[in-house]
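Take 230 as the starting number for the sequence shown in the working numbering and just add one per residue.
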Amino acid sequence: MTKPQASPAQPDWENAWATFDAAAEWRDFTADARPLNAAVLCCDRHAVGAAVALVSRTRDGVVERLTFAELQEQSERFAHVLADCGVVAGDRVAGLLPRVPELLVTIVATWRLGAVYQPLFTAFGPKAIEHRVGTSGAKVIVTDRANRSKLDEVPHSARIVTLAGDDATPLSPGDLDFHAELAAREPGLPPVPREPDDPFLIMFTSGTTGLAKPLLVPIRAILSMAHYTRDAVGLCDQDTFWNVADPGWAYGLYYAVVGPLALGHSTMLHDAPFTVAGTVAAIREHGVTNLAGSPTAFRLIMAAGPEAVAPIKGQLRAVSSAGEPLNPEVIRWFAAHLDVVIHDHYGQTETGMVLCNHHAFAHPVLQGSAGVSMPGWRVTVIDEAGNDLPPGVPGELALDLAQSPLFWFTGYDGLATPALGPAHYRSGDTAELNPDGSISFVGRADDVITSAGYRIGPFDVESALLEHPAVIEAAVVGKPDPERTEIVKAFVVLRSVEDGGEPATTALAEALRLHVKARLSAHAYPREVEFVDSLPKTPSGKIQRFVLRLAEAAKAREAAGA
């Protein structure tokens, strides 16, 4: 599998999709991976010379580089540590770690044993950790001092390995010191042979609509992750790549770790909270040319204004967005002030990225569309009976399993999975097919608003609100209404007055309503606008509209009872 070169002569997407041969792609992709093991696919086969696997940047701006050869050696040493803790093929090892080199060593060492890596986002509290660790049955948890105390509140039987850092304070009783154990081991532990359907990750859904559900990701999914990184992100040899998403979540783990490393390309980890100034400085200092992230991050960059991004204008060759729909105003702003067009991509934890505006393929890019199917997948829009819908008719976004040879999801681990049927995987998202063959995201099925007989997608209203200079973020939900079934209500986060914004007034609320009414239609504008300091989000940054919707429903019941 070759990486694309930065070239104006892009291959045609339609031909690539029509001629895709999954069996041939897998043979090519694994030809130099013996034995078959995720550590071989993502590390060992690239451990030649001084090829860099990781560029790590600390909170203080200190930069460390880790070559594939060094990653192989350190992961072999740490695999001995895990093996001494009783870890064998199929066991789960959890990483509650920030974005530091030891995170990558832990992941690859786990894979080397044929074990299954489980990410734990460092912003999780004890309750979220308890649910995930209790469900996975992790045998070892690797953490650092900053997160170690959370585990004292979590019932578990796992062995704890802690990064001690420069702190001389003794570790908790029974804990192993990561670096001391690493130094005491020798390299040379060979990778355990695995099969394509054996799991190498255990993931949990992001919890936008309910309790996070576990799923196992098989080794054969690495091919799809590499394809997305190569063809949709457009990663090529000349690029310096940075995916700002945290590896505690699917987009960060799949495409800041697995995808680039499987291609033999270096990745970048920045151990610091997201700030616009820090992000711009890292892009400039490291010469980043290919950037990936979430709409939340890109909206914050836009809110900072053109002056904040002036040092990197014209530097970025490709920018990719995923996690939730990308508002058109953000696309326009990046084109105007950074000379780069963001490409929107769609996927789920259960599937990886499957619907994309590709950087490496030539095809029409319709603003507001999530793009076209990745080769190896067929994304479609269906009705309740499973029939394909024509352009312009809202339906459920689904995967046609007969024409999606890269599909790897087999269901939630130990749970019923009604979304997975014999013919389709139903995403639970509402979408529309466009006349050019691309697909536009409308919203989660539960988020779509029914008002006076009209079906209204919250994304369009939110995008219109975001075009107003006073607005930084917005979330739109249906509020119960006895006459219209629901009315559109908007929750709006304003730019601060100090940054040139406007105060929250009834006059501004009316101006926002009229702005949306003029941009969309008389039936889709928000009849109520509430100004808020922040919006409820998952730890990965996705807006949780259902939290707002449930709160409005509770208010309606209380009012009816009164």
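We treat Cβ as the ideally placed atom computed from N, Cα and C, and that holds for glycine.
Separation of L445 and A789 (C-alpha to C-alpha, rounded to the nearest whole angstrom) is 45 Å.
L520 and T609 have their C-alpha atoms spaced approximately 28 Å apart. The beta carbon of H744 lies closer than 8 Å to those of A693, L694, E696, H697 in the same chain, with the five residues before and after it left out.
Bounds of any alpha helix (DSSP H) do not take in S549; it lies within the beta strand (DSSP E) bounded by 547-550. Here the alpha carbon of G729 sits roughly 36 Å from the alpha carbon of H587. Nearest neighbour of D381 by Cα position, chosen from V362, G394, T398, turns out to be V362. Ranking E331, D500, V559, I668 by CA distance to the CA of P619 puts I668 first.
When the Cα atoms are used, S453 and D466 turn out to be separated by approximately 19 Å. Excluding the 5 residues flanking it on each side, A441 has same chain C-beta neighbours closer than 6 Å at F433, T434, in chain order.
As for any alpha helix (DSSP H) of minimum length 4 sitting wholly inside the region 481-531, the runs are 488-491, 505-515, ordered along the chain. Non-local C-beta neighbours of L741 in its own chain, meaning closer than 8 Å and more than five positions away in sequence, comprise L694, H697, A699, V700, A719, V721, P755, V758, ordered along the chain. Per DSSP, I336 is one residue of the alpha helix (DSSP H) stretching across 330-341. For the pair A252 and A455, the Cα-to-Cα distance works out to about 15 Å.
Y346 and A631 have their C-alpha atoms roughly 30 Å apart.
By the Cβ criterion, the region 497-515 is in contact with the region 278-286, since at least three pairs of Cβ atoms, one from each stretch, lie closer than 8 Å. Using a C-beta cut-off of 8 Å, the region 368-376 makes contact with the region 325-341, since at least three inter-stretch Cβ pairs fall below that distance. Looking at the backbone, the Cα of L400 and that of T335 are separated by about 19 Å.
For the options C272, G600, P664, the alpha carbon positioned closest to that of F670 is the one of G600. Residue environment: D460 is assigned as buried (16 or more neighbouring CB atoms within 10 Å of its CB, all protein chains considered). Secondary-structure assignment with DSSP links M582 through a beta bridge to G576. For W471, the enclosing beta strand (DSSP E) begins and ends at 470-472. In this structure, K708 is the residue among G343, L723, K708, S549 with its C-alpha nearest to the C-alpha of A783. For H697, the three-state secondary structure derived from DSSP is coil. Secondary structure at M432: strand, using DSSP grouped into helix, strand and coil.
DSSP places T735 inside the alpha helix (DSSP H), whose first and last residues are 735-748. When the alpha-carbon of P768 is set against those of G481, D426, G366, the nearest one is in G481.
E305 and L418 do touch by the CB rule: their CB atoms are close to 5 Å apart, below 8 Å.
Within the region 236-300, the runs of alpha helix (DSSP H) at least 4 residues long that lie entirely inside it are, in chain order, 242-247, 251-258, 267-271. Within the region 373-422, the runs of alpha helix (DSSP H) that reach at least 4 residues and sit entirely inside it are, in chain order, 374-380, 407-412. Judged by their CB atoms, E661 and G621 are nearer to each other than the 8 Å cut-off. For S656, there is no enclosing alpha helix (DSSP H); the residue is part of the beta strand (DSSP E) that begins and ends at 653-662. In this structure, DSSP gives D728 a helical state, which the three-state scheme calls helix. By the criterion of a C-beta distance shorter than 6 Å, A674 is surrounded in its chain by G657, T659, once the five residues flanking it on both sides are discounted.
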